[in-house]
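Residue numbers (our numbering): 21 to 268.
Structure, rendered in structure tokens:
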């Protein structure tokens, strides 16, 4: 009787083990497939973003209007503007490398005759030339014409690891348009013109540093997650088939 009872228990125990294994494999496979599907959606979003940005950048330059009901529409659009630089209100933003040297981007308000003032990212300067006195030739006076790519900055937010701004020193690490308006005392537009690569007198600042092209690696992630899901299915089928043959 003990032998018979033991024989009856084994199949029941085996079914419980296989049931748990089935559930675990199904759960992991759903997670992997879900990640793959999420990456498909991300890939489609990135493709739309790239197409929109490309269309904006490749469109003919337009004059930055005096006003607009939708300044977001100018994001990544090549624009032109004329006015006078307020070098006394110059600000510095970020920290980056160029030709192996650390430096910052120079933000200078451009006062237009036909509209609100706008910040112009004139380009990069090395750390030892952040003070205007170190690049006097580049402090252009009188009316100037600026061409560059407009960036909508009103909704920008600092990340968790972004250093705190130092408005009293004119140093910023992220765009805070409300704070920049207070610091300059100007009713600045919500867009910033990132100047093109046209050389400035004295060689500084160095413009044309807008990052236009976006990488799209989501297809690799799609293949990775779906591939892992299929591999798991294959391993599981092989395992079950092997166990089935072993039990015969």
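For glycine and all other residues, C-beta sits at the position ideal for the given N, C-alpha and C.
Buried or exposed (CB count within 10 angstroms, at least 16 for buried), residue i
i, result
"residue 255", "exposed"
"residue 249", "buried"
"residue 269", "As shown, the chain starts at 21 and ends at 268. That puts residue 269 outside it, with no answer to give."
"residue 137", "buried"
"residue 207", "exposed"
"residue 173", "buried"
"residue 140", "buried"
Beta carbon of residue i nearer than 8 Å to that of residue j
i, j, result
"residue 77", "residue 96", "yes"
"residue 66", "residue 234", "yes"
"residue 74", "residue 106", "no"
"residue 145", "residue 123", "yes"
"residue 167", "residue 211", "no"
"residue 150", "residue 209", "no"
"residue 157", "residue 222", "yes"
"residue 54", "residue 246", "no"
"residue 241", "residue 64", "no"
"residue 252", "residue 51", "no"
Own chain partners of residue i with C-beta closer than 6 Å, once the 5 adjacent residues on each side are dropped
i, result
"residue 31", "Annotation note: pLDDT 49 at residue 31 (below 50); position unreliable, no value reported."
Cutoff 8 Å; reference residue i; Cβ partners in own chain excluding five residues on either side
i, result
"residue 143", "125, 126, 215, 220, 224, 225, 226, 227, 228 and 229"
"residue 169", "77, 96, 97, 98, 99, 213, 214, 216, 230 and 232"
DSSP three-state assignment for residue i, whether helix, strand or coil
i, result
"residue 182", "coil"
"residue 217", "coil"
"residue 171", "strand"
"residue 230", "coil"
"residue 160", "coil"
"residue 79", "coil"
"residue 32", "Only weak support exists for where residue 32 lies, its pLDDT of 48 falling under 50; the coordinates are left without a value."
"residue 187", "helix"
7 Å CB neighbourhood of residue i in its chain, flanking five on each side removed
i, result
"residue 290", "Because residue 290 is not part of the residues shown, which for the chain are 21 to 268, the question remains open."
"residue 62", "238"
"residue 182", "193 and 194"
Residue of the options minimising C-alpha distance to residue i
i, options, result
"residue 20", "179, 202, 131 and 102", "Examination of residue 20 is not possible in this model, given that the chain is present from 21 through 268 alone."
"residue 175", "257, 199, 157 and 164", "199"
"residue 164", "157, 172, 131 and 188", "131"
"residue 110", "82, 159, 50 and 185", "159"
"residue 72", "92, 184 and 58", "92"
"residue 85", "103, 68, 251 and 190", "103"
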